[in-house]
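S.K.: Numbers 1 to 300, taken from this note's numbering, label the letters of the sequence shown in order.
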Amino acid sequence: MFLVLLIPILFYLIETLDEKYPVREVETFLYLPSGTFLKGAALGYDEMLADLLWIKAVGYFGGHSRTDRNYTWLAHLLDAVTTLDPLYQYPYEFGGVVLAAEVGDVDKSIALLKKGMKNVSRDDPRYWYFPFFLAYDYMYHKNDYLTAAHYLEQATKFPQSPSYLPQLVARLYANADSPEVAVAFLQEMIKSTKKQALKERLIERLHQVIHRANLKLLNQGLDAFYLKFQYYPTALETLVKSGIIPGIPIDPRGGKYYISMDHKTVTNTIPEADLRVHINEKKQPSADDVPLPMRVPEQN
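(1) Quick one: Cα of aspartate 177 to Cα of alanine 170, how far?
(2) Helix, strand or coil for valine 58 per DSSP?
(3) In angstroms with no decimal places, state the Cα-to-Cα distance between tyrosine 258 and arginine 201.
(4) Is the separation between the beta-carbon of lysine 264 and that of tyrosine 232 shorter than 8 angstroms?
(5) In angstroms, rounded to a whole number, what distance separates the CA positions of asparagine 143 and aspartate 107?
(6) Mapping the DSSP letters down to three states, classify serine 260 as helix, strand or coil.
(7) In angstroms, rounded to a whole number, what distance separates the CA positions of alanine 253 and valine 98?
(8) With H, G and I counted as helix, E and B as strand and the rest as coil, what does DSSP make of valine 120?
(9) Helix, strand or coil: which one does DSSP assign to valine 266?
(10) Which stretch, first to last residue, makes up the alpha helix (DSSP H) that contains lysine 157?
(11) When we look at the beta-carbon of methionine 189 and count the other beta-carbons within 10 Å, is it buried (16 or more) or exposed?
(12) For aspartate 251, name the three-state secondary structure that DSSP assigns.
(13) Per DSSP, what kind of secondary structure is threonine 82 in: helix, strand or coil?
(14) Assuming tyrosine 151 contacts proline 131 (C-beta within less than 8 angstroms), just tell me the rounded distance between them.
(15) Taking 7 angstroms as the limit between beta carbons, can you name the residues of its chain near valine 103, skipping five residues before and five after?
(16) With DSSP run on the structure shown, which of helix, strand or coil describes isoleucine 210?
(17) Just to confirm the assignment: which complete alpha helix (DSSP H) runs, minimum length 4, are found wholly within the region 189-238?
(18) Tell me whether the beta-carbon of histidine 211 lies closer than 8 angstroms to the beta-carbon of glutamate 153.
(19) Out of curiosity, what's the CA-to-CA distance linking glutamine 89 and glycine 116?
(20) Output the distance between the C-alpha atoms of alanine 101 and glutamine 196, rounded to the nearest integer angstrom.
(21) With threonine 269 and glycine 255 assumed to form a contact (beta carbons below 8 angstroms), what rounded beta-carbon distance in angstroms separates them?
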């Protein structure tokens with residue numbers, strides 16, 4: 001009972017300090033215990049305390065976003081909220097976005113999103129946002145396209161996720177120099193989808209990725225031939241005759257592969273589609289992209 005009484009005292013002190021001192025003069029969350037300690041102290045009032053801290057976290061972020069943009073205690077607040085109520089989805093999502101985009105702490109953003117993936121029910125209609133935002137963190141902030149593709153592939157498994165995600169997954173795998181993985185992923189998606197329009201787009205993307213894999217194979221063969229014979233052949237058939245490659249692959253798009261002597265590379269009669277992932281730096285996820293619903297108390 002004594003520990004339960006500490007909860008209103010804690011918030012009274014926070015409110016008093018907020019009123020008495022400006023934000024820049026004192027950080028009222030310096031003495032806020034960890035979520036693990038608070039969970040033990042709440043004695044069954046975990047969700048209520050989580051709601052109160054969630055309100056404080058949103059207010060803290062809003063206050064500093066209008067003043068000094070110093071969010072020193074935001075990650076600590078969000079960790080406490082999600083430890084007290086690990087099933088509540090929105091604090092993870094909000095924190096996952098703002099910690100990376102606004103605070104600049106990508107590692108804490110990733111840690112919070114992974115915590116959400118572990119704790120929140122996979123039946124939650126917004127669960128797919130966790131792997132989606134993780135993919136963005138790895139793609140945009142860490143330039144790790146392979147890890148980004150792994151997480152984005154997880155997001156595609158949820159029916160609420162956008163229909164364009166499979167094509168983006170293929171782009172990421174291709175960007176990560178893993179066209180073989182992209183081919184396997186797209187083939188599985190084509191078999192599983194029932195939407196004809198989406199299936200046609202996926203088939204087109206599959207053909208582009210296969211073409212990219214063919215180019216990779218042929219150019220590796222061309223380099224191997226040069227290392228062995230110290231000159232570039234004028235025809236791909238020479239690579240086959242020398243045993244460097246087993247055969248000339250077929251372009252599913254209908255083009256023909258040939259050696260460009262000007263650039264000493266293998267190219268195609270059909271221009272290559274751009275499979276790079278283009279990031280609009282002016283439009284990153286921000287706090288405005290995440291709704292902040294308040295939990296409605298249950299009626300007795």
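Cβ coordinates follow ideal geometry from the N, Cα and C atoms, glycine included.
Predicted, not measured: the structure shown is a model, and the values here were computed from it.
M.R.: The relevant details are as follows:
(1) Here residue 177 is taken as the residue at index 177 of the sequence shown, counted from 1. Here residue 170 is taken as the residue at index 170 of the sequence shown, counted from 1. Cα-Cα distance, rounded: 11 angstroms.
(2) For the purposes of this step, residue 58 is identified with residue 58 of the sequence shown, where counting begins at 1. Three-state result, valine 58: helix.
(3) Translated into positions along the sequence shown, residue 258 becomes position 258. Translated into positions along the sequence shown, residue 201 becomes position 201. Inter-residue distance for tyrosine 258 and arginine 201 is about 27 angstroms (C-alpha atoms, whole angstroms).
(4) In the sequence shown, counting from the first residue as 1, residue 264 sits at position 264. In the sequence shown, counting from the first residue as 1, residue 232 sits at position 232. Yes, Cβ-Cβ distance for lysine 264 and tyrosine 232 is below 8 angstroms.
(5) Locating residue 143 in the sequence shown gives position 143, where the first residue counts as 1. Locating residue 107 in the sequence shown gives position 107, where the first residue counts as 1. Taking the straight line from one Cα to the other gives about 14 angstroms.
(6) For this step, residue 260 is matched to residue 260 along the sequence shown. Three-state DSSP puts serine 260 in a strand.
(7) Position 253 of the sequence shown, counting from 1, holds the residue named residue 253. Position 98 of the sequence shown, counting from 1, holds the residue named residue 98. Just to set this straight, residue 253 is arginine in the shown sequence, not alanine. Straight-line Cα distance between these residues: approximately 42 angstroms.
(8) In the sequence shown, the residue the question calls residue 120 occupies position 120. Valine 120 falls in the coil class under three-state DSSP.
(9) Mapped onto the sequence shown, residue 266 falls at position 266. Strand at valine 266.
(10) Taking the sequence shown and counting its residues from 1, the one referred to as residue 157 is at position 157. First-last for lysine 157: undefined, no H or E at that position.
(11) For the purposes of this step, residue 189 is identified with residue 189 of the sequence shown, where counting begins at 1. Buried, because 16 or more other Cβ atoms sit within 10 Å of the Cβ of methionine 189.
(12) Position 251 of the sequence shown, counted from the start, is the residue given in the question as residue 251. Three-state DSSP puts aspartate 251 in coil, outside helix and strand.
(13) Position 82 of the sequence shown holds residue 82. Threonine 82: helix per DSSP, three-state reduction.
(14) By one-based count along the sequence shown, residue 151 stands at place 151. By one-based count along the sequence shown, residue 131 stands at place 131. Indeed they touch by this definition, with Cβ atoms about 4 angstroms apart.
(15) Position 103 of the sequence shown, counted from the start, is the residue given in the question as residue 103. The answer, listed in chain order, is Tyr71, Leu74.
(16) Within the sequence shown, the letter at position 210 stands for residue 210. Of the three classes helix, strand and coil, the one that applies to isoleucine 210 here is helix, per DSSP.
(17) Complete alpha helix (DSSP H) runs here, min 4: 196-229.
(18) If you number the sequence shown from 1, residue 211 lands on position 211. If you number the sequence shown from 1, residue 153 lands on position 153. No.
(19) Indexing the sequence shown from 1 puts residue 89 at position 89. Indexing the sequence shown from 1 puts residue 116 at position 116. Going by the C-alpha atoms only, they are around 7 angstroms apart.
(20) Position 101 of the sequence shown holds residue 101. Position 196 of the sequence shown holds residue 196. Answer to the nearest angstrom: the Cα atoms are 37 angstroms apart.
(21) By 1-based counting over the sequence shown, the position of residue 269 is 269. By 1-based counting over the sequence shown, the position of residue 255 is 255. Confirmed, about 5 angstroms.
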